[in-house]
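Novice: The numbering of the sequence shown is my numbering, which starts it at 1 and goes up by one.
Backbone N, C-alpha and C define an ideal beta-carbon position, used for all residues, glycine too.
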Amino acid sequence: MLALVGCRQGGGKRSIAIITPSHDNPFFKAEADAAANRARALGYDASVNTHNDDAHKQDELVDVAIANGASAIILDNAGADASVAAVAKAKGANIPVFLIDREINANGIAAAQIVSNNYQGALLGAQEFVRLMGEKGTFVELLGRESDTNAQVRTRGYHEVLDKYTGMRLVGQQSANWSQTEAFQKMETLLQAHPDIKGVISGNDTMALGAAAALKAAGRQEVIVVGFDGSPDVLAAIRAGSIKATVLQPAARIATMAVDQAHGLLTKGSSGAAEKQSIDCELVTPSNVDQFGVFTRK
Numbered sequence: 001m002l003a004l005v006g007c008r009q010g011g012g013k014r015s016i017a018i019i020t021p022s023h024d025n026p027f028f029k030a031e032a033d034a035a036a037n038r039a040r041a042l043g044y045d046a047s048v049n050t051h052n053d054d055a056h057k058q059d060e061l062v063d064v065a066i067a068n069g070a071s072a073i074i075l076d077n078a079g080a081d082a083s084v085a086a087v088a089k090a091k092g093a094n095i096p097v098f099l100i101d102r103e104i105n106a107n108g109i110a111a112a113q114i115v116s117n118n119y120q121g122a123l124l125g126a127q128e129f130v131r132l133m134g135e136k137g138t139f140v141e142l143l144g145r146e147s148d149t150n151a152q153v154r155t156r157g158y159h160e161v162l163d164k165y166t167g168m169r170l171v172g173q174q175s176a177n178w179s180q181t182e183a184f185q186k187m188e189t190l191l192q193a194h195p196d197i198k199g200v201i202s203g204n205d206t207m208a209l210g211a212a213a214a215l216k217a218a219g220r221q222e223v224i225v226v227g228f229d230g231s232p233d234v235l236a237a238i239r240a241g242s243i244k245a246t247v248l249q250p251a252a253r254i255a256t257m258a259v260d261q262a263h264g265l266l267t268k269g270s271s272g273a274a275e276k277q278s279i280d281c282e283l284v285t286p287s288n289v290d291q292f293g294v295f296t297r298k
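(1) Which runs of the alpha helix (DSSP H) spanning at least 4 residues fall entirely within the segment 233-294, listed in chain order?
(2) Under DSSP, the beta strand (DSSP E) around Thr138 begins and ends at which residues?
(3) Going by DSSP in three states, Val5 sits in which element: helix, strand or coil?
(4) Can you find the residues in the same chain that come closer than 6 Å, C-beta to C-beta, to Val276, ignoring five residues on each side of it along the sequence?
(5) Could you tell me which residues DSSP puts in a beta bridge with Val226?
(6) Spatial neighbours of Arg145 within its chain, please: CB distance less than 6 Å, with the 5 preceding and 5 following residues excluded, ordered by chain position.
(7) On the criterion of 16 or more Cβ atoms from any shown chain inside 10 Å, does Glu128 qualify as buried, or is it exposed?
(8) Could you work out which residue in Asn68, Ala240, Ala93 and Leu99 is closest to Ser83 when comparing CA atoms only?
(9) So, under 8 Å CB-CB, Val289 and Arg253 are touching, yes? Tell me the CB distance rounded to an integer number of Å.
(10) Output yes or no for whether 8 Å exceeds the beta carbon distance between Ile16 and Ala41.
(11) Using the Cα positions of Val226 and Thr50, report the straight-line distance between them to the nearest angstrom.
(12) Which one of Lys164, Tyr165, Ala183 and Gly167 has the shortest CA to CA distance from Gln173?
(13) Do Val153 and Asn107 come within 8 Å of each other at the CB atom, strictly closer than that value?
(14) Could you check which residue in Asp81, Val259, Asp33 and Val48 has the C-alpha nearest to that of His56?
(15) Nearest to Gln180 by alpha carbon, out of Pro195, Arg156, Asp233 and Val48?
(16) For Asn37, which three-state DSSP category applies?
(17) Please work out which residues of its chain come closer than 6 Å, Cβ to Cβ, to Ala122, disregarding the five sequence neighbours upstream and downstream, and give them in chain order.
(18) With DSSP as the reference, please indicate the residues paired to Gln192 in a beta bridge.
(19) Give the DSSP bridge partners of Arg169, in chain order.
(20) Using only the alpha-carbon positions, how far apart do Gln249 and Ala218 sit?
(21) Measure the alpha-carbon distance for Phe228 versus Thr246 and round it to whole angstroms.
(22) With distance defined between alpha-carbon atoms, name the residue in Thr149, Ala110, Leu162 and Ile109 nearest to Gly134.
(23) Would you report the Cα separation of His23 and Ala208, rounded to the nearest angstrom?
(24) Going by C-alpha to C-alpha distance, which of Asp148, Ser147, Glu160 and Lys198 sits closest to Val171?
(25) Could you tell me the distance, in whole angstroms, from the CA atom of Phe139 to the CA atom of Thr206?
(26) Can you name, in chain order, every residue of its own chain whose Cβ lies under 7 Å from the Cβ of Asn105, other than the five neighbours on each side?
(27) DSSP state of Leu209, grouped into three classes?
(28) Would Pro21 be called buried (16 or more neighbouring beta carbons within 10 Å of its own) or exposed?
(29) So, are the CB atoms of Leu124 and Val200 less than 8 Å apart?
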């Protein structure tokens, strides 16, 4: 499973190693597929592996990529602090690392850190949530994995908006670790403690789907649910009415950008871009949902 296609001594195709969290989450599958497709279109061998948010497994995958002489690594990392050493090790082996989706807590080590503008996206989602709630009512928040910088940035963005409305009252806030199953369980518990809630704002779409399923099971489908990611399943849920809105991260575009910049660095000596790059998100509602596809605008 850890085998990567590397550069051959004395010639052969150059390779790009693509490492992401589990493809059980369609977001990570979409970015891996987009990166691999672009790499192959540019003439590289592309290998795709998953670290499942396990920093030790990520380290092993990076070690294999180095040993096999990868030309570049595209990485959606396993932790802002836990991934610094692996990125630095690749750099030390003269293999540039292009981070997508998640930053690390260090500058000057990765060749690029290309992420969605999570704060801007969170502002969009929170503003729509307030509008749907009519600027008043009790609500709960489902948080992502605590070690993930994106989870922290999104909740800060949400509360930059929500805390300004005195009629909005947060009565429960729990982490469901980006998991649909855990979100279902947490939502059941939150409903028991706060049966009169009017809304749920979620740190990602997977948790929003879990919350919506729990609300349906409890006969509470009138509760407003807003997510974040723009997953195909949530686009379908918006069409069906069980989720009211989400914020689309352009995962496919970001992954493609990373490969293009890696290619530029490898062929021209420059990626043509700054290390830190932030790509704006888009609000998805019933009125524009058909304009979006798999983590990208059609």
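Specialist: On the basis of the coordinates in this document:
(1) 251-268
(2) The sequence position of residue 138 within the sequence shown is 138, counting from 1. Segment Gly137 to Leu143, the beta strand (DSSP E) holding Thr138.
(3) In the sequence shown, residue 5 corresponds to position 5, counting from 1. Because the pLDDT at Val5 is just 36, under 50, the model does not fix this residue reliably, and the value given afterwards should be weighed accordingly. Val5: coil per DSSP, three-state reduction.
(4) Translated into the one-based positions of the sequence shown, residue 276 becomes position 276. Here the sequence assigns Lys to residue 276, which means Val is not the residue at that position. If we look at Lys276 and ignore the five residues flanking it on each side, its Cβ neighbours are Gln113.
(5) Translated into positions along the sequence shown, residue 226 becomes position 226. The partner list for Val226 (beta bridge, DSSP) reads Ile201 and Ala245.
(6) Start at 1 with the first residue of the sequence shown, and residue 145 comes out as number 145. Contacts found: Ala151, Asn177 and Trp178.
(7) Locating residue 128 in the sequence shown gives position 128, counting from the first residue. Burial call: buried.
(8) Counted from its first residue, the sequence shown places residue 83 at position 83. It is Leu99 whose Cα lies nearest to the Cα of Ser83.
(9) Counted from its first residue, the sequence shown places residue 289 at position 289. Counted from its first residue, the sequence shown places residue 253 at position 253. Their Cβ separation, rounded to whole angstroms, is 18 Å, which puts Val289 and Arg253 out of contact at 8 Å.
(10) Translated into the one-based positions of the sequence shown, residue 16 becomes position 16. Translated into the one-based positions of the sequence shown, residue 41 becomes position 41. For Ile16 and Ala41, no; Cβs fall outside 8 Å.
(11) As a working mapping, residue 226 is identified with position 226 in the sequence shown. As a working mapping, residue 50 is identified with position 50 in the sequence shown. Using only the alpha carbons, I get a separation of about 28 Å.
(12) To locate residue 173, count along the sequence shown from 1; it is residue 173. Closest option to Gln173, Cα to Cα, is Ala183.
(13) Numbered from 1 along the sequence shown, position 107 holds the residue referred to as residue 107. Numbered from 1 along the sequence shown, position 153 holds the residue referred to as residue 153. Against a cut-off of 8 Å, the Cβ pair of Val153 and Asn107 comes out as no contact.
(14) By one-based count along the sequence shown, residue 56 stands at place 56. The shortest C-alpha separation from His56 is found at Asp81.
(15) By 1-based counting over the sequence shown, the position of residue 180 is 180. It is Asp233 whose Cα lies nearest to the Cα of Gln180.
(16) Within the sequence shown, the letter at position 37 stands for residue 37. Correct three-state label for Asn37: helix.
(17) Locating residue 122 in the sequence shown gives position 122, where the first residue counts as 1. Answer for Ala122: Arg154, Gly157 and Tyr158, listed in chain order.
(18) In the sequence shown, residue 192 corresponds to position 192, counting from 1. None; Gln192 has no bridge partner.
(19) In the sequence shown, residue 169 corresponds to position 169, counting from 1. Per DSSP, Thr138.
(20) Here residue 249 refers to the residue found at position 249 of the sequence shown. Here residue 218 refers to the residue found at position 218 of the sequence shown. Their backbone Cα atoms lie some 30 Å apart in a straight line.
(21) Numbered from 1 along the sequence shown, position 228 holds the residue referred to as residue 228. Numbered from 1 along the sequence shown, position 246 holds the residue referred to as residue 246. Cα-Cα distance, rounded: 5 Å.
(22) Here the question's residue 134 lines up with position 134 in the sequence shown. Checked all of Thr149, Ala110, Leu162 and Ile109; the closest Cα to Gly134 is Leu162.
(23) Translated into the one-based positions of the sequence shown, residue 23 becomes position 23. Translated into the one-based positions of the sequence shown, residue 208 becomes position 208. One C-alpha to the other measures close to 18 Å.
(24) For this step, residue 171 is matched to residue 171 along the sequence shown. Minimum Cα distance to Val171 is reached at Lys198.
(25) The count along the sequence shown starts at 1 and reaches residue 139 at position 139. The count along the sequence shown starts at 1 and reaches residue 206 at position 206. Between Phe139 and Thr206, the C-alpha separation is close to 18 Å.
(26) Start at 1 with the first residue of the sequence shown, and residue 105 comes out as number 105. So the qualifying residues of the chain are Ala80, Asp81 and Val84.
(27) Reading the sequence shown from its first residue, position 209 is the one you call residue 209. DSSP places Leu209 in helix when its eight states are reduced to three.
(28) By 1-based counting over the sequence shown, the position of residue 21 is 21. Pro21 should be labelled buried.
(29) Looking up residue 124 in the sequence shown gives position 124. Looking up residue 200 in the sequence shown gives position 200. Not closer than 8 Å, so no.
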